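So the structure is just underneath, and the comments pick up after that.
Residue numbers (the working numbering): 16 to 70.
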């Protein structure tokens with residue numbers, strides 16, 4: 016892990032605020048509040064969404 020970074024689960028943040036954004040997006044996804052269309056439709060599965068968010 017990089018010095019000064021934070022790790023929660025499989026996610027590591029090296030920039031202030033990035034981890035919170037990632038966790039918020041994940042919570043919205045899990046609550047069914049995110050919908051993907053067109054070229055992003057492949058992100059509709061949790062596995063693909065997590066892969067897209069990972070560094």
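A virtual CB, placed ideally from N, CA and C, is assigned to each residue, including glycine.
Given the structure is predicted, the values throughout are model-derived calculations rather than measurements.
query: Cβ-based neighbour list, residue 64, same chain, cut-off 7 Å, excluding 5 preceding and 5 following; result: 44, 58
query: Cβ distance (whole Å) where residue 68 is taken to contact residue 37 below 8 Å; result: 6 Å
query: Backbone CA spacing between residue 55 and residue 49 [nearest angstrom]; result: 11 Å
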